[in-house]
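All the letters of the sequence shown, read from the start, carry residue numbers 0 to 74 under numbering that gives the first Met the number 0. Each residue gets a CB set at the ideal place from its N, CA and C atoms; glycine is no exception. Quick caveat: nothing in here was measured; it's all calculated off a predicted structure.
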Amino acid sequence: MSPDKRKTRDSSPFTFRTIDAEIIHLECVLCAEGANSLFAKSYWRKRVLQASATSGLAPNQQQRLRRLLEHIDAS
0 MSPDKRKTRD
10 SSPFTFRTID
20 AEIIHLECVL
30 CAEGANSLFA
40 KSYWRKRVLQ
50 ASATSGLAPN
60 QQQRLRRLLE
70 HIDAS
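Structure (structure tokens):
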């Protein structure tokens, strides 16, 4: 895999200042629609993993993202 593709896959477009809004969005969507919405579970898993790749996450943010992954897996 080329370095450019790896960077895109492993990087996050979020910062420690913007990640809370993304986590809230993911929590709202996944609670309201579940992981079985218009988009496949793989889409939601990718979004959560992308958010998880954000540097500087606080422990509570990491925990919330882990719970979202568990929710996706359980649905």
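Query	Result
Residue 23 vs residue 64 beta-carbon contact at 8 Å	no
Proximity to residue 11 [Cα-Cα], best of 39, 59, 48, 60	48
Distance, residue 37 Cα to residue 66 Cα	21 Å
Cβ shell of residue 31 (< 8 Å), same chain only, five flanking positions each side left out	none
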